[in-house]
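Taking it in order: structure first as structure tokens, then the write-up.
2 protein chains.
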Amino acid sequence: MLPAADLMEAFNAASARDPRERRPRRHDPGRRDRLIDAALTVIAERGVAATTHREIARVADVPLGSMTYHFTSLEEVLAAAFTRHAESMARVFDERLSAACDREAAVEAVITLVADDLLGSSGDLVLSVELYVAAARNPALRAVTQAWMARSRTALERHFDATTARELDALIEGLVLHSALSTDPMTPEQIRHAVHRFLR
Amino acid sequence: MLPAADLMEAFNAASARDPRERRPRRHDPGRRDRLIDAALTVIAERGVAATTHREIARVADVPLGSMTYHFTSLEEVLAAAFTRHAESMARVFDERLSAACDREAAVEAVITLVADDLLGSSGDLVLSVELYVAAARNPALRAVTQAWMARSRTALERHFDATTARELDALIEGLVLHSALSTDPMTPEQIRHAVHRFLR
DNA sequence: ACATCATATGTACAATCGTACACATGATGC
DNA sequence: GCATCATGTGTACGATTGTACATATGATGT
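Same order as they appear, the protein sequences are chains A and B. Using the working numbering, read the first sequence as starting at 52 and increasing by one per residue. Using the working numbering, read the second sequence as starting at 52 and increasing by one per residue.
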């Protein structure tokens with residue numbers, strides 16, 4: 052066990068440094084990327100409303116000034132963060148569906164997508180809803196969501212006709228959102244039932 | 052045409068009163084209700100993030116102090132506003148479905164619900180998504196959404212079995228949200244097609 | 001008539017915010 | 001080596017916020 056003095060020193064160095072001493076300059080390439088990730092963490096945990104320069108900087112453990120150096124405004128941070136989130140979501144979508152070789156496999160891919168990927172991480176779900184709200188009032192973010200939706204629809208069209216793809220996309224959206232907001236989320240079996248019913 | 056002086060006077064009286072003169076006291080029963088409506092207006096137009104005491108007071112044309120008199124906190128305002136919104140939505144749901152006397156009419160009711168009621172007023176849609184986000188971090192609001200979902204499901208169960216009701220509820224959610232976020236919203240015909248396909 | 005008190009109004013205050021900006025430092029190209 | 005400048009760091013400032021609170025007024029019951 053460490054002496055109390057050492058604990059205090061470690062504590063100060065890690066999080067609550069003595070404000071009188073300047074923190075050592077760090078060589079930190081890719082800090083901008085880390086800040087975007089930190090922004091996503093904050094948005095998921097606290098919401099866009101609580102996402103401030105200072106909070107992101109605290110999570111990323113960088114001084115406040117670093118935010119204004121890497122981003123010209125808070126809007127730019129949010130745009131970068133949501134763009135990364137949408138890209139990440141779309142990639143999962145692409146991968147699942149391009150791995151399916153026939154229609155039956157595609158149906159299974161959709162079920163896995165909803166039950167595992169989308170409902171599995173509550174953080175991603177919250178991020179998506181936060182994005183929807185933010186997009187309602189920010190044209191740049193609206194473009195992000197539309198690109199994302201177009202991409203997921205295209206992925207579905209590898210296996211389904213255009214009309215089915217669009218309807219299925221909506222069903223997925225509904226199943227995920229509805230399930231996530233409910234006290235008793237739908238089980239994978241219920242998801243499977245709903246998808247099969249629609250595609251039967 | 053009014054003289055400029057009269058215009059100025061009207062302007063001052065209506066919105067930008069001379070701060071030196073105290074505004075006349077108004078007998079205003081039901082002001083609390085009006086404030087909740089004003090809050091809903093602000094949330095729909097500017098978002099929860101921009102919903103402040105001062106902005107609501109401005110929209111309702113009451114002094115700031117009136118907000119803190121009628122509500123102990125901003126959270127209470129939001130809770131009251133979203134509760135009213137959910138109640139209003141649920142009522143529409145109830146009315147449409149209780150008016151249907153057989154299953155065929157119920158299907159038509161669902162289609163009307165989505166295509167007309169839900170997609171018709173973009174304000175209500177925005178309010179719903181704002182509520183979802185707010186509910187993600189506020190237990191009181193989560194209870195509001197859950198009560199709302201339970202009620203709409205019950206309304207559907209007047210005409211459909213429990214499993215179908217739940218799946219249909221999710222589909223409705225997806226169709227509305229998906230359609231609203233898209234550049235080209237689904238047409239009533241497309242909505243009809245999707246619902247019929249699911250319930251066929 | 002008049003006292004009471006729920007309601008209405010105006011203002012102050014500390015906290016927090018986005019952003020600007022001055023200064024420090026070391027990686028990099030020459 | 002060494003100058004340069006991209007990057008890192010600390011701090012200040014005006015604006016806005018939620019909330020508290022002092023004061024004003026008229027509807028209501030007696």
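We put the beta carbon where it would ideally sit given N, CA and C, even for glycine.
For this session: Taking R154(B) as the query, report the chain A residues whose CB atoms sit under 8 Å from its CB, ordered along the chain.
Result: Here the question's residue 154(B) lines up with position 103 in the second sequence. Under the 8 Å cutoff, chain A gives no residues; its nearest Cβ is about 16 Å from R154(B).
For this session: Just the chain A side, please: which residues come within less than 9 Å of V177(B) by C-beta, in chain order?
Result: Locating residue 177(B) in the second sequence gives position 126, where the first residue counts as 1. Going along chain A in sequence order, the residues near V177(B) (Cβ under 9 Å) are V184, A187 and R188.
Exercise. Among T102(A), L207(A) and A151(A), which has the Cα closest to the Cα of E126(A)?
Worked result: Here residue 126(A) refers to the residue found at position 75 of the first sequence. Here the closest residue by C-alpha is T102(A).
Exercise. Taking Cβ positions only, does E126(A) come closer than 9 Å to chain B?
Worked result: One-based indexing of the first sequence puts residue 126(A) at position 75. Answer no: the Cβ-Cβ gap between E126(A) and chain B never drops below 9 Å.
Exercise. Quick one: which chain B residues come within Cβ less than 8 Å of R248(A)?
Worked result: Along the first sequence, read from residue 1 onward, the residue named residue 248(A) stands at position 197. Simply E218 and F249.
Exercise. With burial defined as no fewer than 16 other Cβ atoms inside 10 Å of the residue's Cβ, what is the status of S203(A): buried or exposed?
Worked result: Here residue 203(A) is taken as the residue at index 152 of the first sequence, counted from 1. That one is buried.
For this session: Please say whether V161(B) and I223(B) have beta carbons closer to each other than 9 Å?
Result: Here residue 223(B) refers to the residue found at position 172 when the second sequence is read from its first residue. Here residue 161(B) refers to the residue found at position 110 when the second sequence is read from its first residue. Closer than 9 Å, so yes.
Problem set entry | Neighbourhood of E240(A) by C-beta, 7 Å cutoff - its chain only, sequence neighbours within 5 removed | Here the question's residue 240(A) lines up with position 189 in the first sequence. The beta carbon of E240(A) is closer than 7 Å to none in its chain, skipping five residues each way along the sequence.
For this session: Rank R105(A), A130(A), D112(A) and V110(A) by C-alpha distance to the C-alpha of T119(A) and give the top, closest one.
Result: Walking along the first sequence from the start, residue 119(A) turns up at place 68. Residue R105(A) holds the alpha-carbon nearest to the alpha-carbon of T119(A) among R105(A), A130(A), D112(A) and V110(A).
Exercise. Looking at the C-beta of H244(B), does it have a partner C-beta in chain A at a distance below 9 Å?
Worked result: As a working mapping, residue 244(B) is identified with position 193 in the second sequence. Residue contact with chain A for H244(B): present (Cβ-Cβ distance below 9 Å to some residue of chain A).
For this session: Give the C-beta separation of V184(B) and V128(A) to the nearest angstrom, bearing in mind that I take them to be a contact with Cβ-Cβ under 8 Å.
Result: Here residue 184(B) refers to the residue found at position 133 when the second sequence is read from its first residue. Here residue 128(A) refers to the residue found at position 77 when the first sequence is read from its first residue. Not a contact, Cβ separation roughly 18 Å.
Problem set entry | Span of the alpha helix (DSSP H), counted from its first residue to its last, around R248(B) | By 1-based counting over the second sequence, the position of residue 248(B) is 197. Unbroken alpha helix (DSSP H) run through R248(B): P239 to L250.
Exercise. Would a C-beta distance cut-off of 9 Å place S117(A) and A108(A) closer than the cut-off?
Worked result: Within the first sequence, the letter at position 66 stands for residue 117(A). Within the first sequence, the letter at position 57 stands for residue 108(A). Yes, the Cβ-Cβ distance between S117(A) and A108(A) is below 9 Å.
For this session: Measure from the C-beta of G116(B) to each C-beta in chain A and report whether the shortest distance is under 9 Å.
Result: The residue labelled residue 116(B) in the question sits at position 65 within the second sequence. Not one beta carbon of chain A lies nearer than 9 Å to the beta carbon of G116(B).
Problem set entry | Residue-level contact to chain A via CB, S149(B), 9 Å cutoff | Here the question's residue 149(B) lines up with position 98 in the second sequence. Interface residue (Cβ-Cβ distance to chain A less than 9 Å): S149(B) is not classified as such.
Exercise. Leaving out five residues before and five after S139(A) in sequence, what residues of the same chain have Cβ atoms less than 7 Å from its Cβ?
Worked result: Taking the first residue of the first sequence as position 1, residue 139(A) is located at position 88. Contacts found: none.
For this session: Following the continuous alpha helix (DSSP H) through P190(B), name the residue where it begins and the one where it ends.
Result: Residue numbering aside, residue 190(B) sits at position 139 when the second sequence is read from its first letter. Annotation: the continuous alpha helix (DSSP H) that includes P190(B) extends over P190 to L207.
Problem set entry | Span of the alpha helix (DSSP H) around H136(A) | As a first step, residue 136(A) must be located in the first sequence, where it is residue number 85. H136(A) -> alpha helix (DSSP H) spans L125 to A150.
For this session: Could you tell me whether the Cβ of M237(A) comes closer than 9 Å to any Cβ of chain B?
Result: As a position in the first sequence, residue 237(A) is number 186, starting the count at 1. Look at M237(A): its C-beta is under 9 Å from a C-beta on chain B.
For this session: Determine the direct distance from the alpha carbon of V99(B) to that of A186(B), and round the result to whole angstroms.
Result: Position 135 of the second sequence, counting from 1, holds the residue named residue 186(B). Position 48 of the second sequence, counting from 1, holds the residue named residue 99(B). One C-alpha to the other measures close to 12 Å.
Exercise. Are A89(B) and A111(B) closer than 9 Å when you measure CB to CB?
Worked result: Translated into positions along the second sequence, residue 89(B) becomes position 38. Translated into positions along the second sequence, residue 111(B) becomes position 60. Between A89(B) and A111(B), the C-beta spacing is below 9 Å.
For this session: Can you grab the Cα-Cα spacing for the pair R193(B) / S233(A), in whole Å?
Result: By one-based count along the second sequence, residue 193(B) stands at place 142. By one-based count along the first sequence, residue 233(A) stands at place 182. Separation of R193(B) and S233(A) (C-alpha to C-alpha, rounded to the nearest whole angstrom) is 9 Å.
For this session: Using the Cα positions of I242(A) and L207(A), report the straight-line distance between them to the nearest angstrom.
Result: Along the first sequence, one-based indexing puts residue 242(A) at 191. Along the first sequence, one-based indexing puts residue 207(A) at 156. When only Cα atoms are considered, I242(A) and L207(A) end up about 17 Å apart.
Problem set entry | Contact belief for L164(B) with P236(B) at Cβ below 8 Å, rounded distance in angstroms | On the second sequence, position 113 is the one that residue 164(B) refers to. On the second sequence, position 185 is the one that residue 236(B) refers to. 15 Å between Cβ atoms; not a contact.
Problem set entry | Cβ-based burial, D153(B) [other Cβ within 10 Å; buried from 16] | Against the second sequence, residue 153(B) aligns to sequence position 102. Counting Cβ neighbours within 10 Å, D153(B) comes out exposed, since fewer than 16 surround it.
Problem set entry | Status (buried if at least 16 other CB within 10 Å, exposed otherwise) for L115(A) | As a position in the first sequence, residue 115(A) is number 64, starting the count at 1. Exposed, by the Cβ-count rule.
For this session: For chain B, find out if any of its Cβ atoms is closer than 9 Å to the Cβ of S233(A); answer yes or no.
Result: Along the first sequence, read from residue 1 onward, the residue named residue 233(A) stands at position 182. It does: the Cβ of S233(A) has a partner Cβ on chain B nearer than 9 Å.
Exercise. What residue from R135(B), R77(B), R74(B) and E72(B) has the CA that sits closest to L178(B)'s CA?
Worked result: As a position in the second sequence, residue 178(B) is number 127, starting the count at 1. Nearest to L178(B) by C-alpha distance, out of R135(B), R77(B), R74(B) and E72(B), is R135(B).
Problem set entry | Min CB distance L226(A) to chain B below 9 Å | The residue labelled residue 226(A) in the question sits at position 175 within the first sequence. By this cut-off, L226(A) is an interface position.
Exercise. Taking buried to mean at least 16 other C-beta atoms within 10 Å of its own C-beta, is A257(B) buried or exposed?
Worked result: This structure leaves residue 257(B) out entirely; chain B is present only between 52 and 251.
Exercise. Thinking C-beta only, is W199(A) closer than 9 Å to A157(A)?
Worked result: Here the question's residue 157(A) lines up with position 106 in the first sequence. Here the question's residue 199(A) lines up with position 148 in the first sequence. Note that the C-beta distance between A157(A) and W199(A) is not below 9 Å.
Problem set entry | Contact set for H247(A): own chain, Cβ-Cβ below 6 Å, skip 5 residues either direction | Position 196 of the first sequence, counting from 1, holds the residue named residue 247(A). Result list for H247(A): empty, nothing under 6 Å.
Exercise. Is it right to say A201(A) is buried, meaning 16 or more other beta carbons lie within 10 angstroms of its own, or is it exposed?
Worked result: As a first step, residue 201(A) must be located in the first sequence, where it is residue number 150. By the beta-carbon neighbour count (other beta carbons within 10 angstroms, threshold 16), A201(A) is exposed.
Exercise. Under the three-state reduction of DSSP, which class applies to D79(B): helix, strand or coil?
Worked result: Working through the second sequence from its first residue, we reach residue 79(B) at position 28. The answer is coil: DSSP assigns D79(B) none of H, G, I, E or B.
Exercise. Roughly how many angstroms separate the alpha carbons of E96(A) and P190(B), rounded to a whole number?
Worked result: Counting from 1 along the first sequence, the entry for residue 96(A) is found at position 45. Counting from 1 along the second sequence, the entry for residue 190(B) is found at position 139. Approximately 15 Å between the Cα atoms of the pair.
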